[in-house]
Amino acid sequence: MKSFELGTKIFFGESSLDRVLDYDCEKILIVADPFVIKSGLIHHVTTRLDSKGTKYDLFDDVVPDPPVPKISVGVAALIESRADVIIAVGGGSAIDSAKAMREVVSKMDGYSGRHIKLVAIPTTSGTGSEVTSFSVISDPENHTKYPLISDSILPDEAILDVELVKTVPPAITADTGMDVLTHAIEAYVSVDNDEFSAALAEKSVEIVGSFLLRSYLDNNDIHARSKMMCASCLAGIAFNHSSLGLNHGMAHQLGAKFHIPHGRANAMLLPLVIQYNSDINKHSRSKKEYPKQVRKYVTLARLLGLQNFNTITTIRAFVSWVEFMMKEMDMPLCISSMNVCSREEYFAAIPEMAEGAIKDSCTASNPRTPTVEDIEKIYIDLW
Ligand SMILES: NC(=O)c1ccc[n+]([C@@H]2O[C@H](COP(=O)([O-])OP(=O)(O)OC[C@H]3O[C@@H](n4cnc5c(N)ncnc54)[C@H](O)[C@@H]3O)[C@@H](O)[C@H]2O)c1
Ligand SMILES: [Fe+2]
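The sequence shown maps to residues 1042 to 1424 in the working numbering.
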């Protein structure tokens, strides 16, 4: 028996931030990305709270790829504020920090039976974290990233307001947009995919195909940016249901080891992982039968308008389209072009990264079961 549940209530469209006027609570803890505070974006939330006299504290000690020590600082801030609502305002890092903070505090003595409501307000269109039971935390000492996965992590509400994503610069629009695409594709070919997550993933891919480049090229293209907010959320619901795959399992290691932004790491791996999963590369000849994931990639390619001669040429067109998008958005296609590490450092890290990727919980739902050697080869090809 299977089930599909949408645990997070989603508010979206014009003036959706007005939802914060409805919270009848003792105190709110706002967990915000430092950029959101510095740029004044936070005023979209605080002026509304001030207008109602709602009490709130601010916590802005959030960093990308939130590390365990920062979560501990956040836990102390949450306990001290005694807030009964958390509003997380930021990208995946701020929302994931708030999720982990609430999870730890809810399990502490004195908190049993007290529900701390979590409202997630994304300021990037990427992770879909506002609707997922995942919180990705990093352990800087061991250069590892851990996806914490639990139904109790899921935000109670998500507010999607395009006002908050207008300031996202082109490079972050590209990284986060390619994260959306990777979520949708991985959810679609996952072994746990079904009709419900497939429908959401298909819509998400279709939106990315039409609106990611427009978002990248013009911050003021509000229509494109609001569509990408929806695509991010739809892909989040899809992968929350059917999980992800090898692409994320491998990207987490690149993020932990070399601090490559999450979406960029996913994008760089995507052409290689599609080729690995479908077992189709530039030298492949036609076969009588293909694995199930090949048909799924072909369906997604057709949704993007990449109708092509046959299965092999369609998969190749799909891979070329991903690379085309990355080139159009000035994204690096390989590690060697990024100046994040030397060749020696990178190759020395491969065995450990491959071990980490095979153990990563996302890899378990990949449609093709990789060996450590398979993963090492993909990392080598990525150089
Ligand atoms: N929980 C999940 O389901 C899930 C899924 C995928 C990824 N993640 C995690 O989320 C994190 C990545 O999140 P992200 O890609 O949203 O990036 P992020 O939250 O790390 O933010 C990236 C940068 O964008 C800036 N930024 C945020 N909003 C902005 C705005 N409106 N205008 C200008 N700049 C802005 C931030 O200050 C930061 O410098 C990673 O740790 C990743 O592992 C979580
Ligand atoms: Fe992701």
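Here a beta-carbon is modelled for each residue, glycine too, at the ideal position from N, C-alpha and C.
What is the rounded straight-line gap between the Cα of residue 1232 and the Cα of residue 1239?
Residue 1232 and residue 1239: Cα-Cα distance of roughly 12 Å.
Judging by CA-CA distance, which residue of 1241, 1147 and 1168 is the nearest neighbour of residue 1135?
Ranking 1241, 1147 and 1168 by Cα distance to residue 1135 puts 1168 first.
With distances taken from CA atoms, which of 1272, 1220 and 1326 is nearest residue 1304?
With distances taken between Cα atoms, residue 1304 lies closest to 1220.
Strand pairing of residue 1098, partner residues [DSSP]
Its beta-bridge partners are 1070.
Which one of 1357, 1389, 1243 and 1082 has the shortest CA to CA distance from residue 1326?
Of 1357, 1389, 1243 and 1082, the residue nearest in Cα terms is 1357.
Check this for me: beta carbons of residue 1179 and residue 1297, under 8 Å apart or not?
Taking a C-beta distance under 8 Å as the contact criterion, residue 1179 and residue 1297 qualify as a contact pair.
Does residue 1330 come out as helix, strand or coil in the three-state DSSP assignment?
Reduced to three states, the DSSP call for residue 1330 is coil.
In the DSSP assignment, find the unbroken alpha helix (DSSP H) run with residue 1186 in it and report its ends.
First-last for residue 1186: 1185-1190, but that is the beta strand (DSSP E), not the alpha helix (DSSP H).
Could you give the DSSP three-state label for residue 1175: helix, strand or coil?
Reduced to three states, the DSSP call for residue 1175 is strand.
Given 7 Å as the limit, tell me if residue 1135 has its C-beta closer than that to any heavy atom belonging to ligand 1.
Between ligand 1 and residue 1135, a heavy atom-to-CB distance of less than 7 Å is present.
Residue 1054: buried (16+ other C-beta within 10 angstroms of its C-beta) or exposed?
That one is exposed.
Let me know if residue 1389 comes out buried or exposed under the rule of 16 or more other beta-carbons within 10 Å of its beta-carbon.
By the Cβ-count criterion, residue 1389 is exposed, with fewer than 16 other Cβ atoms from all chains shown falling within 10 Å of its own Cβ.
Closest residue to residue 1202 among 1417, 1374 and 1061 (Cα-Cα distance):
Cα-wise, what sits closest to residue 1202 is 1061.
Just grab the DSSP bridge partners of residue 1158 for me.
Looking at the DSSP assignment, residue 1158 forms a beta bridge with 1126.
So residue 1298 is in the alpha helix (DSSP H); what residue range does that whole segment cover?
Where residue 1298 is concerned, the enclosing alpha helix (DSSP H) starts and stops at 1287-1299.
Once the 5 residues before and after residue 1433 are set aside, which same chain residues still bring their CB inside 6 Å of it?
There is no way to answer for residue 1433, as the model of the chain reaches only from 1042 to 1424.
Specify the secondary structure class of residue 1163 as computed by DSSP and reduced to three states.
Assigned with DSSP and collapsed to three states, residue 1163 falls in strand.
Please name the residue in 1194, 1197 and 1405 whose C-alpha comes closest to that of residue 1286.
When only C-alpha atoms are compared, the closest one is 1405.
N- and C-terminal bounds of the beta strand (DSSP E) containing residue 1201
Counting along the chain, the beta strand (DSSP E) containing residue 1201 begins and ends at 1198-1201.
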